[in-house]
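So the number in the numbering used here is just where the residue sits in the sequence shown, counting from 1, plus 35.
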Amino acid sequence: MLKDVKSMSERMACKVVGLSRSAYRRLPHAHTPADPDAALRDQLRTYARKHPRHGFRRAWAHLRFDDGIEINKKRVHRLWKEEGLQVRRAPRRKRAGQSSVPVIEADAPKVVWALDFQFDSTVDGKTIKIASMVDEHTRLSLLNIVDRSITAERLIEELEKTFAIWGGPPMVLRMDNGPEFISEALQAFCAGSVGISYIPPGTPWNNGFIESFNNRLRDECLNRNCWPTLLEARVVIEDFKDDHNHRHRHSALRYRTPAEYAARCTHQHHPVGCEID
Numbered sequence: 036m037l038k039d040v041k042s043m044s045e046r047m048a049c050k051v052v053g054l055s056r057s058a059y060r061r062l063p064h065a066h067t068p069a070d071p072d073a074a075l076r077d078q079l080r081t082y083a084r085k086h087p088r089h090g091f092r093r094a095w096a097h098l099r100f101d102d103g104i105e106i107n108k109k110r111v112h113r114l115w116k117e118e119g120l121q122v123r124r125a126p127r128r129k130r131a132g133q134s135s136v137p138v139i140e141a142d143a144p145k146v147v148w149a150l151d152f153q154f155d156s157t158v159d160g161k162t163i164k165i166a167s168m169v170d171e172h173t174r175l176s177l178l179n180i181v182d183r184s185i186t187a188e189r190l191i192e193e194l195e196k197t198f199a200i201w202g203g204p205p206m207v208l209r210m211d212n213g214p215e216f217i218s219e220a221l222q223a224f225c226a227g228s229v230g231i232s233y234i235p236p237g238t239p240w241n242n243g244f245i246e247s248f249n250n251r252l253r254d255e256c257l258n259r260n261c262w263p264t265l266l267e268a269r270v271v272i273e274d275f276k277d278d279h280n281h282r283h284r285h286s287a288l289r290y291r292t293p294a295e296y297a298a299r300c301t302h303q304h305h306p307v308g309c310e311i312d
């Protein structure tokens with residue numbers, strides 16, 4: 036009224052009556068749509084149905100450049116999330132290796148050697164990869180590789196050395212489905228001479244002996260040290276594994292060390308359908 040009768044500006048009229056300009060401009064409730072974004076939501080849902088693998092940025096670009104709608108990208112993002120239109124990632128399928136022998140119990144030395152990797156880092160943040168292997172019957176630690184990376188070819192070289200040191204390979208290598216373990220190179224290396232037993236994907240408890248060893252290595256060695264260099268990590272981890280073999284008294288071995296038990300063990304393997312494919 037003041038604007039019409041007194042020819043006041045909106046700013047002055049609001050100041051006179053003590054009303055904020057935002058309140059003056061607000062539409063009466065009856066004139067306000069229930070959802071001011073309803074039309075935009077419908078457009079986004081339609082776009083998502085046509086392009087189920089597109090994200091909100093491409094939807095915004097379509098509205099902005101194809102439909103000529105001046106709209107903020109953040110607004111599109113908010114509505115896109117509220118409508119649950121995010122692209123769902125397909126679950127990653129875990130590759131499973133093909134075992135050449137059935138599950139076998141380590142009832143004697145050199146029946147099952149369990150192999151696994153774990154990771155740490157030097158103080159500069161660079162990765163350290165550690166390969167360990169234990170005899171499931173004697174609990175002897177048989178392998179120590181500590182490097183920035185360990186390829187299947189490098190693993191094969193070290194396994195050949197280990198087999199030579201211990202008078203030949205075991206009957207079975209038990210391992211998870213890591214890329215180095217399921218590689219064609221390792222399978223070709225083992226073919227006809229060493230059985231391979233892969234645990235089901237996502238079931239580390241099926242490789243419990245090496246998991247237990249790795250937990251001790253993590254708790255008693257890796258977590259207690261900061262490695263300035265790769266060389267220091269190699270030396271300390273090798274010392275830990277040597278200590279495990281000759282000083283760690285294992286309750287399951289009647290409190291003998293793995294080396295003591297292995298030297299006295301006379302157990303013989305009793306095969307139960309252990310044919311190597």
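For each residue, glycine too, the CB sits at the ideal point set by N, CA and C.
Can you give me the start and stop residues for the beta strand (DSSP E) that residue i sits inside?
i              : result
alanine 141    : Where alanine 141 is concerned, there is no enclosing beta strand (DSSP E), given that its DSSP letter is neither H nor E.
glycine 230    : 230-233
threonine 95   : Checking the displayed sequence, the identity of residue 95 turns out to be tryptophan instead of threonine. It is not in any beta strand (DSSP E) - tryptophan 95 instead sits in the alpha helix (DSSP H) that spans 91-96.
valine 51      : Per DSSP, valine 51 belongs to no beta strand (DSSP E); it is in the alpha helix (DSSP H), 45-52.
serine 22      : Nothing in the structure corresponds to residue 22, since the chain is present only between 36 and 312.
asparagine 179 : 176-182
aspartate 18   : Not covered by the structure: residue 18. The range shown for the chain is 36 to 312.
According to the Cβ coordinates, are residue i and residue j closer than 8 angstroms?
i              : j              : result
proline 292    : arginine 284   : It is threonine, not proline, that sits at residue 292 in the sequence shown. Yes.
valine 138     : isoleucine 231 : no
leucine 177    : tryptophan 201 : yes
tyrosine 233   : asparagine 212 : yes
threonine 157  : alanine 268    : yes
isoleucine 191 : leucine 221    : yes
lysine 145     : methionine 206 : yes
leucine 265    : arginine 189   : no
leucine 54     : leucine 120    : no
glycine 90     : valine 122     : yes
valine 229     : leucine 208    : yes
Sorted by chain position, which residues of the same chain lie with C-beta nearer than 6 angstroms to residue i's C-beta, five sequence neighbours on each side aside?
i                 : result
alanine 141       : Val147, Glu171, His172
phenylalanine 244 : Ala149, Val169, Glu171
alanine 187       : Glu215, Ser218, Ala220, Leu221
glutamate 193     : Ile180
alanine 83        : Leu120
lysine 108        : Trp95
tryptophan 262    : Thr157, Ala268
methionine 210    : Leu150, Phe216
Kindly list the residues whose CB is nearer than 7 angstroms to the CB of residue i, restricted to its own chain and excluding five residues on each side of it in sequence; keep chain order.
i              : result
isoleucine 272 : Ile165, Asn179, Val181, Cys256
histidine 305  : Asp142
threonine 238  : none
leucine 288    : Arg174, Tyr296
Among residues of its own chain, excluding the 5 on either side of residue i, which ones have a beta-carbon nearer than 8 angstroms to its beta-carbon?
i              : result
alanine 131    : Asn212, Ile217, Tyr233, Pro235, Pro236
alanine 294    : Leu175, Asn280, His281
isoleucine 106 : Leu75, Trp95, Leu98, Arg99
alanine 297    : Pro144, Asp170, Thr173, Leu175
arginine 46    : Arg56
glutamate 315  : Any question about residue 315 goes unanswered here, given that the chain covers just 36 to 312.
alanine 125    : none
aspartate 159  : none
arginine 88    : Val122
Taking residue i as part of the alpha helix (DSSP H), name the residues at either end of that continuous run.
i              : result
glutamine 153  : Glutamine 153 -> not in any alpha helix (DSSP H); beta strand (DSSP E) instead, spanning 147-156.
isoleucine 272 : 265-281
tyrosine 290   : Note, tyrosine 290: premise wrong, no alpha helix (DSSP H); not H, not E.
glutamate 117  : 108-117
alanine 223    : 219-225
aspartate 77   : 73-85
Is residue i near the ligand FMN, in the sense that its beta carbon is under 7 angstroms from a heavy atom of that ligand?
i          : result
serine 232 : The ligand FMN is absent from the structure shown, which contains no ligands of any kind.
* Asked: Should the stretch 246-261 be regarded as contacting the stretch 141-161, the criterion being three or more beta carbon pairs within less than 8 angstroms?
  -> yes
* For the stretch 186-214, which segments carrying the alpha helix (DSSP H) assignment without a break, of at least 4 residues, lie completely within its bounds, in sequence order? -> 187-200
* Count the CB pairs spanning the stretch 90-103 and the stretch 191-201 that are closer than 8 angstroms, and state whether there are at least three. => no
* Asked: Hey, is the stretch 101-120 in contact with the stretch 65-84, meaning 3+ C-beta pairs nearer than 8 angstroms?
  -> yes
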